[in-house]
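Participant: Residue numbers (numbering that gives the first Met the number 0), protein chains in the order written: chain F, 0 to 562; chain B, 0 to 84. Even glycine gets a Cβ: it sits at the ideal position worked out from N, Cα and C. Computed from a predicted model, the values in this text were never measured in an experiment.
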Amino acid sequence: MGIDVPPFLIFYLAALLVTVVHGRVRSLVLLGTPIVSALLMLSWSMGERMTLDMMGLGLSPVRIDALSRLFGILFHLAAFIGIVFALHVRDTVQHAASLVYAGSAIGAVFAGDLLTLFLFWEMLAVSSVFLIWARRTPRALASGLRYLIIQVVSGLLLLAGVLIGVSDGRGLEFDHIGLDGMASWLIFIAFGIKAGFPLLHNWLTDAYPEATPTGTVFLSAFTTKVAIYALARGFPGTELLVYIGAVMTCFPIFYAVIENDLRRVLTYSMINQLGFMVCGIGLGTALAINGAVAHAFNDVLFKGLLMMSMGAVLYRTGRINGSELGGLYKSMPKTAALCAVGAASISAFPLFSGFVSKSMVMTATLDEGHQWVWLMLLFASAGVFHHAGIKIPFFAFFSHDSGMRTEEAPRHMLIAMSLGAALCVGIGSYPWPLYALLPNAVDYSPFDATHVIAQLQLLFFSALAFAWLKLSGIYPPELPSVNIDSEWVYRRLAPRLVHAAVSATRRLDHVLRDALTEVAGRGAGLFGHSHGATGTMAQTWPIGPMLLLVVALLGLALLYGYV
Amino acid sequence: MKRRDETDHLFDRPENTKRLLTVFYAVCAGLLALDLVYHRHVTHSWESLWGFYAVYGFVACVLLVLIAKQMRKWLMRAEDYYDGD
Numbered sequence: 000m001g002i003d004v005p006p007f008l009i010f011y012l013a014a015l016l017v018t019v020v021h022g023r024v025r026s027l028v029l030l031g032t033p034i035v036s037a038l039l040m041l042s043w044s045m046g047e048r049m050t051l052d053m054m055g056l057g058l059s060p061v062r063i064d065a066l067s068r069l070f071g072i073l074f075h076l077a078a079f080i081g082i083v084f085a086l087h088v089r090d091t092v093q094h095a096a097s098l099v100y101a102g103s104a105i106g107a108v109f110a111g112d113l114l115t116l117f118l119f120w121e122m123l124a125v126s127s128v129f130l131i132w133a134r135r136t137p138r139a140l141a142s143g144l145r146y147l148i149i150q151v152v153s154g155l156l157l158l159a160g161v162l163i164g165v166s167d168g169r170g171l172e173f174d175h176i177g178l179d180g181m182a183s184w185l186i187f188i189a190f191g192i193k194a195g196f197p198l199l200h201n202w203l204t205d206a207y208p209e210a211t212p213t214g215t216v217f218l219s220a221f222t223t224k225v226a227i228y229a230l231a232r233g234f235p236g237t238e239l240l241v242y243i244g245a246v247m248t249c250f251p252i253f254y255a256v257i258e259n260d261l262r263r264v265l266t267y268s269m270i271n272q273l274g275f276m277v278c279g280i281g282l283g284t285a286l287a288i289n290g291a292v293a294h295a296f297n298d299v300l301f302k303g304l305l306m307m308s309m310g311a312v313l314y315r316t317g318r319i320n321g322s323e324l325g326g327l328y329k330s331m332p333k334t335a336a337l338c339a340v341g342a343a344s345i346s347a348f349p350l351f352s353g354f355v356s357k358s359m360v361m362t363a364t365l366d367e368g369h370q371w372v373w374l375m376l377l378f379a380s381a382g383v384f385h386h387a388g389i390k391i392p393f394f395a396f397f398s399h400d401s402g403m404r405t406e407e408a409p410r411h412m413l414i415a416m417s418l419g420a421a422l423c424v425g426i427g428s429y430p431w432p433l434y435a436l437l438p439n440a441v442d443y444s445p446f447d448a449t450h451v452i453a454q455l456q457l458l459f460f461s462a463l464a465f466a467w468l469k470l471s472g473i474y475p476p477e478l479p480s481v482n483i484d485s486e487w488v489y490r491r492l493a494p495r496l497v498h499a500a501v502s503a504t505r506r507l508d509h510v511l512r513d514a515l516t517e518v519a520g521r522g523a524g525l526f527g528h529s530h531g532a533t534g535t536m537a538q539t540w541p542i543g544p545m546l547l548l549v550v551a552l553l554g555l556a557l558l559y560g561y562v
Numbered sequence: 000m001k002r003r004d005e006t007d008h009l010f011d012r013p014e015n016t017k018r019l020l021t022v023f024y025a026v027c028a029g030l031l032a033l034d035l036v037y038h039r040h041v042t043h044s045w046e047s048l049w050g051f052y053a054v055y056g057f058v059a060c061v062l063l064v065l066i067a068k069q070m071r072k073w074l075m076r077a078e079d080y081y082d083g084d
């Protein structure tokens, strides 16, 4: 069966449709879209592609192989769960934006050429920003604008890289790129911005926590994972990525420990998880690539689950700061339990999903002789349990009782979270169907005693550290605060520099104006002195001296004429 | 802060918290003891050190928290720090 209808088109058409239908019909359209699109996608066989000749450019808007199909399946799952979670929303903007956004992510991973990739890369940016703006607070508006600028810059870098690449004779096909020359570096940085490379990461932690309770669930699924897909396709085995990934696993966890906004904690923790994937892609071995993309798959599910549980808390209580929450297990016990499943999965507890994928990256790191990087990843593994596994459920649902009493999350939210939790536990206990989808053949068994015992020791003693620090009062309290991160450069330093430059220019302008005014004033004074009403020239002169002057002048002229 | 019409919840009683912690400590001790009897199939010499993962996990988290706590001195600002941008 040939490819007639690319899957993103179904999402785009559905987005148009939801703007004209309402109520139950709209809910049906929303829920049906990922199902119809997934059925269509699964009917294609490997290696098929859709080609298009446009103005002499050979484009392939759809290409099916193991890597693109894995991400395609993942994004359909994520879109469906997100839509179920957001069923209560009565906001056409959010409905249309989330469909276009999910469709663009699917379009991007099936893109067989770089120009198609660029188009969806930008569509991701302009559709997702509405999920942030839909919060309709001044803070969300400003944050969304910063997000949009950074995303569009990433797209422009990608376009520049592609165009330079074409003029260098690289062609448009999206395959292995590798770091070689200006064009590839531009594309690498474009991917890096969306993947949350260190120092380029701050748009994530700035914008995601400002989105609507349901918007963040969509946001956390797509953009960064498209970037991971693109890196896995274009830059596998690029050694630089091993170190970038290692840094990404470590630095965000420090921020996560002291961050108060629990959705921002989860966003920092997302960068940490992306680090494991980036590291695996950098290693480039069959096991490492498998681990990286399997971890991307699992991360979408467990991060989505955690974001949903925090979204439910925000939806019910209107609060998300650790300093204001606590004791919610009393009124939201089901949400608390589902959150705990997500926490166990992200912490990579055996039988939960994180374990079966992260351990592949860890094993590959040691196999390749990167022992120091391995120690960093191990540190980050302990740390992720600490801040995402314990801190999130603890401060939201347990800790000191905030006195807040609310209702359990609405039923459709519980269903969406249960779907995510079932997948986390299902993949964690029986990973072979996921392994069968991976791009490389899998010869790996996660459940040998060595792996399991080592991981349990690591996790339980991390928890012991938390218990000890908490009981002894050393653990830093949750404080209402903002922590400075790399965004400070463009939110504080750059405005300050611009401000300083403007005021310096203004001062210079003042000084020059004053000086000129004074010079002009003095000139006018002098002129007035000679030519003014009482000036020398305005005086009445006696005839005698005047005649003398005239004669002298004539004499001079005469002299001049003869000499 | 309990409302009068509310029943007691699991962790409203301190003895329940205590019980949970006791079980937890016992599991920790048991896991560490496993290292005495079970020899893990290691790929790196560090891993074969006794209690490597347990000690590393504990030390890593304590360091993480202590360093993060120090970072607050440099990085923490008032909640409205960026407001008015």
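If we require 3 or more residues per run, which beta strand (DSSP E) segments fall completely within the region 78-150 of chain F?
Facilitator: As far as the region 78-150 of chain F is concerned, it has no whole beta strand (DSSP E) run of at least 3 residues.
Participant: Can you check whether the C-beta of B:E78 is within less than 7 Å of a C-beta belonging to chain F?
Facilitator: Output row for B:E78: interface = yes.
Participant: State the beta-bridge partners of B:D79 as determined by DSSP.
Facilitator: Paired residues: none, contrary to the question.
Participant: How about B:L29: is its C-beta nearer than 7 Å to some C-beta of chain F?
Facilitator: According to the sequence displayed, residue 29 of chain B carries Gly and not Leu. Closer than 7 Å: no.
Participant: Would you say F:R490 faces chain B, with C-beta separation under 7 Å as the test?
Facilitator: By this cut-off, F:R490 is an interface position.
Participant: Ordered along the chain, which non-local residues of its own chain (more than five positions away) have a Cβ less than 6 Å from that of F:H399?
Facilitator: Excluding residues within five positions, the ones whose Cβ falls inside 6 Å are G325.
Participant: Note the first and the last residue of the continuous alpha helix (DSSP H) segment covering F:V61.
Facilitator: No alpha helix (DSSP H) contains F:V61, which is instead part of the beta strand (DSSP E) from L56 to R62.
Participant: With a threshold of 7 Å between beta-carbons, can F:N482 be considered close to chain B, or not?
Facilitator: Yes, its Cβ sits closer than 7 Å to a Cβ of chain B.
Participant: Could you give the residue range of the beta strand (DSSP E) that holds F:M49?
Facilitator: First-last of the beta strand (DSSP E) with F:M49: R48 to M53.
Participant: Who are the near neighbours of F:R89 in its chain, counting only those whose CB is closer than 8 Å to its CB and skipping five residues on each side?
Facilitator: Same-chain partners within the cutoff: there are none.
Participant: From the DSSP output, which residues share a beta bridge with F:V481?
Facilitator: The partner list for F:V481 (beta bridge, DSSP) reads B:R76.
Participant: Along the chain, where does the alpha helix (DSSP H) that runs through F:M441 open and close?
Facilitator: Note on identity: in this sequence residue 441 of chain F is Val, with Met being the wrong assignment. Looking at the DSSP string, F:V441 is not in any alpha helix (DSSP H), and its letter there is neither H nor E.
Participant: What's the call for F:H175, buried or exposed, on a 16-neighbour Cβ count within 10 Å?
Facilitator: That one is exposed.
Participant: With a threshold of 7 Å between beta carbons, is B:M0 in contact with chain F?
Facilitator: Because the pLDDT of B:M0 is 45, which lies under 50, any placement of that residue in the model is unreliable, and the number read from its coordinates should be weighed accordingly. Interface residue, yes.
Participant: Using three-state DSSP, classify F:E517 as helix, strand or coil.
Facilitator: In the structure shown, F:E517 sits in a helix (DSSP, three-state: H, G or I).
Participant: Check whether the Cβ atoms of F:I280 and F:L218 lie closer than 7 Å to each other.
Facilitator: In this structure, F:L218 does not lie closer than 7 Å to F:I280 by Cβ.
Participant: Check whether the Cβ atoms of F:D366 and F:I319 lie closer than 7 Å to each other.
Facilitator: In this structure, F:I319 does not lie closer than 7 Å to F:D366 by Cβ.
Participant: Determine, for B:V22, whether the minimum Cβ-Cβ distance to residues of chain F falls below 7 Å.
Facilitator: No - not a single Cβ of chain F is within 7 Å of the one on B:V22.
Participant: DSSP on B:D11, reduced to helix/strand/coil?
Facilitator: B:D11 falls in the helix class under three-state DSSP.
Participant: Residues in its own chain within less than 6 Å of F:P494 by CB, not counting five upstream and five downstream?
Facilitator: Excluding sequence neighbours, F:P494 sits near nothing in its chain.
Participant: Which residue wins for smallest C-alpha separation from F:M403, given the options F:G419, F:G317 and F:V441?
Facilitator: Among F:G419, F:G317 and F:V441, the Cα nearest to that of F:M403 is on F:G317.
Participant: Just verifying my parser: in three-state terms, what is the DSSP assignment at F:E258?
Facilitator: Here F:E258 sits in coil by DSSP.
Participant: So, is the C-beta of F:H369 closer than 7 Å to a C-beta in chain B?
Facilitator: Cβ-Cβ to chain B under 7 Å: no for F:H369.
Participant: Under the three-state reduction of DSSP, which class applies to F:E567: helix, strand or coil?
Facilitator: Residue 567 of chain F lies beyond the range of chain F shown here (0 to 562); nothing can be said about it.
Participant: My output table needs one value for F:E323: the three-state DSSP class, helix, strand or coil.
Facilitator: Note: F:E323 maps to coil in three-state DSSP.
Participant: Just mark F:P432 as buried or exposed, buried being the case when its beta carbon has 16 or more other beta carbons within 10 Å.
Facilitator: When all chains shown are included, F:P432 counts as exposed.
Participant: Counting only beta-carbon atoms, is F:S142 nearer than 7 Å to chain B?
Facilitator: It does not; no Cβ of chain B falls within 7 Å.
Participant: Can you check which of these residues, F:L376, F:L30 and F:H294, is closest to F:A101 by C-alpha distance?
Facilitator: Looking at the Cα atoms, F:L30 is the closest of the given residues.
Participant: Tell me the DSSP secondary structure of F:M0 in three-state form.
Facilitator: Confidence at F:M0 is low in this model, with a pLDDT of 47, below 50, so its placement is unreliable and the value that follows should be read with caution. Correct three-state label for F:M0: coil.
Participant: Measuring CB to CB, does F:A379 end up less than 7 Å from F:C249?
Facilitator: Taking 7 Å as the Cβ cut-off, F:A379 and F:C249 qualify as a contacting pair.
Participant: Tell me, please, whether the CB atom of F:V451 is closer than 7 Å to any CB atom in chain B?
Facilitator: So, not an interface residue.
Participant: For F:E367, which beta-bridge partners are listed by DSSP?
Facilitator: DSSP output for F:E367 lists no bridge partner at all.
Participant: I want to see whether chain F comes within less than 7 Å of B:K17, judged by CB atoms only; does it?
Facilitator: Chain F, which has no Cβ nearer than 7 Å to the Cβ of B:K17, makes this no.
Participant: Could you tell me the boundaries of the alpha helix (DSSP H) in which F:G472 lies?
Facilitator: Premise fails: F:G472 is in no alpha helix (DSSP H) and is neither H nor E.
Participant: Leaving out the 5 sequence neighbours to the left and right, which residues in its chain are closer than 8 Å to F:R505 when beta-carbon positions are compared?
Facilitator: Nothing meets the Cβ criterion.
Participant: Given that B:K68 touches chain F, what residues does it touch there, using C-beta distances under 7 Å?
Facilitator: Those are P475, listed as they occur along chain F.
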